[in-house]
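> There's a structure below that I have some questions on.
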Amino acid sequence: MFQEFRKEIEWGGRKLILETGKVARQADGAVMATYGATKVLCTVVGEKTPKTGIDFFPLAVHYQEKTFAAGKIPGGFFKREGRPSERETLISRLIDRPIRPLFAKGFSNETQVICTVLSHDLENDPDVVAMVGTSAALTISGLPFMGPIGGARVGYIGGEYKLNPQLDEMPNSSLNLVVAGTREGVLMVESEVKELSEDVMLGAVMFGHRAFQPVIDAIIELAEACAKEPIDVPPEPEGKAALADRIQASAEAGLRAAYKETVKSARHEKLAAVKKRVAVELDADPALDKEFVASVTGDVFKSLEKDIVRQDILNTKKRIDGRDTKTVRPIAVEVGILPRAHGSALFTRGETQALVVTTLGTGQDEQIIDGLAEDYREHFMLHYNFPPYSVGEAGR
Numbered sequence: 014m015f016q017e018f019r020k021e022i023e024w025g026g027r028k029l030i031l032e033t034g035k036v037a038r039q040a041d042g043a044v045m046a047t048y049g050a051t052k053v054l055c056t057v058v059g060e061k062t063p064k065t066g067i068d069f070f071p072l073a074v075h076y077q078e079k080t081f082a083a084g085k086i087p088g089g090f091f092k093r094e095g096r097p098s099e100r101e102t103l104i105s106r107l108i109d110r111p112i113r114p115l116f117a118k119g120f121s122n123e124t125q126v127i128c129t130v131l132s133h134d135l136e137n138d139p140d141v142v143a144m145v146g147t148s149a150a151l152t153i154s155g156l157p158f159m160g161p162i163g164g165a166r167v168g169y170i171g172g173e174y175k176l177n178p179q180l181d182e183m184p185n186s187s188l189n190l191v192v193a194g195t196r197e198g199v200l201m202v203e204s205e206v207k208e209l210s211e212d213v214m215l216g217a218v219m220f221g222h223r224a225f226q227p228v229i230d231a232i233i234e235l236a237e238a239c240a241k242e243p244i245d246v247p248p249e250p251e252g253k254a255a256l257a258d259r260i261q262a263s264a265e266a267g268l269r270a271a272y273k274e275t276v277k278s279a280r281h282e283k284l285a286a287v288k289k290r291v292a293v294e295l296d297a298d299p300a301l302d303k304e305f306v307a308s309v310t311g312d313v314f315k316s317l318e319k320d321i322v323r324q325d326i327l328n329t330k331k332r333i334d335g336r337d338t339k340t341v342r343p344i345a346v347e348v349g350i351l352p353r354a355h356g357s358a359l360f361t362r363g364e365t366q367a368l369v370v371t372t373l374g375t376g377q378d379e380q381i382i383d384g385l386a387e388d389y390r391e392h393f394m395l396h397y398n399f400p401p402y403s404v405g406e407a408g409r
């Protein structure tokens, strides 16, 4: 009934199975990744037309854990999964970081990755499985993804590296490191460590990089059997190079002068003035298409500013605020600024500030986490807020 494709390898003492063609057949790419008895469905869908008016790649990664995967019913009044947990959000970012830079430059089609944990054997963490499945789904999807990537977890138990340690082994490991990358190099490292040397850490990264090479080979073999025809990436708009040269000729001197201003607010004012002047010049030219100019100007300015700042740092060995490359910004710390809070501090470094408040509670205040493997209590909770006024903007 279905044309199914399957690739199976032995990896870290367990079987890793990548299957496609049976589930989620309407997606551009869909791979069921199985490791032990942990199964994650990874799907990829890209819009057929580019998204206009943006200067970033619209990629969204959603990792979600279904409680039925571990034979559980969600807690709470409604008995169903709610908004993404902190763990799900962090794993979504873990997957996003190594894949985002591998999409072709100029590709701006909205792209969505959804990884759904369907079965959890309570032994193999689904996060690396989801990362591998995402890489496979992207590689067969036909989207301009310059992968594949591989990923692995590395533990350090009894003085030896351990590939993909099981959940019950992690309490004995002094290292919990996830590494991802291509055949040629490492793209992402995230770890929790208990006082290990730099040599051990570097060795762990290299161990992980070597360990996921068979995964990359397996994904390539799967793609050779069933990958879709690659879609065409739109070429650079005709006339963009000429417009970029014109903007550079008009704006470069002003941008260089602005980036010599060491006060941030004054620098931003000068940059805005340069961009406004160039916009007026371009708008006054009847030969230029207004929509075309608006669609490429932001990208041209971003590239030009990047080159100017980089060249200045390399040539003068100074950063845009006047510091050399080894000097930290002035630091000031004030404690006890909120009289009724249990603990409070205002930490200032240069023009960046953090107001930090601590509240002590009892065991009754612990957060109950409805995890797949087991319910547990979190006694330390960190809440991070980034209000719009912190960067001088109005927003939600």
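Note that the working numbering has the sequence shown beginning at 14, numbered continuously upward.
Quick reminder that beta carbons are idealized off the backbone N, C-alpha and C, glycines included.
(1) Is it a yes or a no for the stretch 164–173 touching the stretch 190–210, going by three-plus beta-carbon pairs under 8 Å?
(2) Considering only the alpha carbon of each residue, which of Thr124, Glu78 and Ser154 lies closest to Arg38?
(3) In three-state terms, what does DSSP make of Ile260?
(4) What does the alpha-carbon distance come out to for the pair Phe11 and Gly252?
(5) On a Cα-Cα basis, can you pick out the residue from Thr47, Glu123, Pro111 and Asn398 that is closest to Leu131?
(6) When the distance is taken between beta carbons, is Met144 closer than 8 Å to Leu107?
(7) Along the chain, where does the beta strand (DSSP E) containing Glu21 start, and where does it finish?
(8) Are there 16 or more other CB atoms within 10 angstroms of the CB of Tyr169, so buried, or fewer, so exposed?
(9) Do the stretch 88–95 and the stretch 53–67 touch if we need at least three Cβ pairs shorter than 8 Å?
(10) Determine the closest residue to Val287 out of Ser263, Ser278 and Thr275, with distance taken between C-alpha atoms.
(11) Between the alpha carbons of Pro227 and Ile22, how many angstroms are there, rounded?
(12) Measure the C-alpha to C-alpha separation of His392 and Thr372 and round it to an integer number of angstroms.
(13) What does DSSP give as the partner residues of Pro63 in its beta bridges?
(14) For the beta strand (DSSP E) containing Thr365, list its first residue and its last residue.
(15) Could you please give the first and the last residue of the uninterrupted beta strand (DSSP E) stretch that includes His75?
(16) Measure the beta-carbon distance from Val53 to Val142 and round it to whole angstroms, keeping in mind my assumption that it falls under 8 Å.
(17) Rounded to the nearest angstrom, what separates Arg113 and Pro248 at their Cα positions?
(18) Using the Cα positions of Val246 and Leu351, report the straight-line distance between them to the nearest angstrom.
(19) Less than 8 Å between the beta carbons of Ser403 and Gly66, yes or no?
(20) Can you tell me whether Tyr397 is buried or exposed? The criterion is at least 16 other CB atoms within 10 Å of its CB, across all chains shown.
Reading from the atomic positions:
(1) Yes: at least three Cβ pairs fall under 8 Å.
(2) The shortest C-alpha separation from Arg38 is found at Ser154.
(3) Residue state, collapsed to three classes: helix.
(4) No answer is possible for residue 11: it lies beyond the span of the chain, which begins at 14 and ends at 409.
(5) Thr47
(6) yes
(7) From DSSP, the beta strand (DSSP E) with Glu21 extends over Phe18 to Trp24.
(8) Answer is buried; the Cβ neighbour count reaches 16.
(9) no
(10) Ser263
(11) 8 Å
(12) The straight-line gap from Cα to Cα measures roughly 12 Å.
(13) Asn122
(14) Thr365 to Thr371
(15) Its beta strand (DSSP E) spans residues Leu72 to Glu78.
(16) 5 Å
(17) 20 Å
(18) 55 Å
(19) no
(20) That one is exposed.
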